[in-house]
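A.B. asks: If you want the numbering used here, it's the 1-based position in the sequence shown plus 110. In this text, a Cβ means the ideal position worked out from N, Cα and C, and glycines have one as well. For clarity, every value in this text was computed on a predicted model and none was experimentally measured.
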Amino acid sequence: MYLFESLNQLIQNYLPEDQIKRLQQAYLVARDAHEGQTRSSGEPYITHPVAVACILAEMKLDYETLMAALLHDVIEDTPATYQDMEQLFGKALQSW
């Protein structure tokens, strides 16, 4: 969860608690889905989606956009499907 803290610090002042909890859930799903994957630098892969989400949070974008940032490679690079994500996150995915 330590990586989520960097994002959490950025969103605490502008997103409601229920949306922060949904983002925390998205982070955990992405972290678990990317477990064992690394970037070319050797860092855990999850550092990339968190970094993207942090950039977008600095622009104070909505939580659906931040959720998309956290989950954007889950469907591409793991066995998870869009339907799996839809079951977990429902209406938040409608804008994807």
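(1) So, is isoleucine 156 buried or exposed, given that buried needs 16 or more other C-beta atoms within 10 angstroms?
(2) List the whole-angstrom C-beta distance separating alanine 179 from leucine 166, where the pair is believed to meet the contact cut-off of C-beta under 8 Å.
(3) Alpha carbons only, please: which of Ser150, Pro154, Gln135, Ala136 is nearest the one belonging to histidine 144?
(4) Taking all protein chains shown into account, decide if arginine 141 is buried (16 or more other Cβ within 10 angstroms of its Cβ) or exposed.
(5) Provide the residue(s) that pair with proline 154 in DSSP beta bridges, ordered along the chain.
C.D. replies: Based on what the coordinates show:
(1) In the sequence shown, residue 156 corresponds to position 46, counting from 1. Result: buried.
(2) Walking along the sequence shown from the start, residue 179 turns up at place 69. Walking along the sequence shown from the start, residue 166 turns up at place 56. That pair is a contact at about 5 Å.
(3) Your numbering for residue 144 matches position 34 in the sequence shown. The option with the nearest alpha carbon to histidine 144 is Pro154.
(4) The count along the sequence shown starts at 1 and reaches residue 141 at position 31. Answer is buried; the Cβ neighbour count reaches 16.
(5) Numbered from its first residue, the sequence shown carries residue 154 at position 44. Proline 154 is bridged to Thr148.
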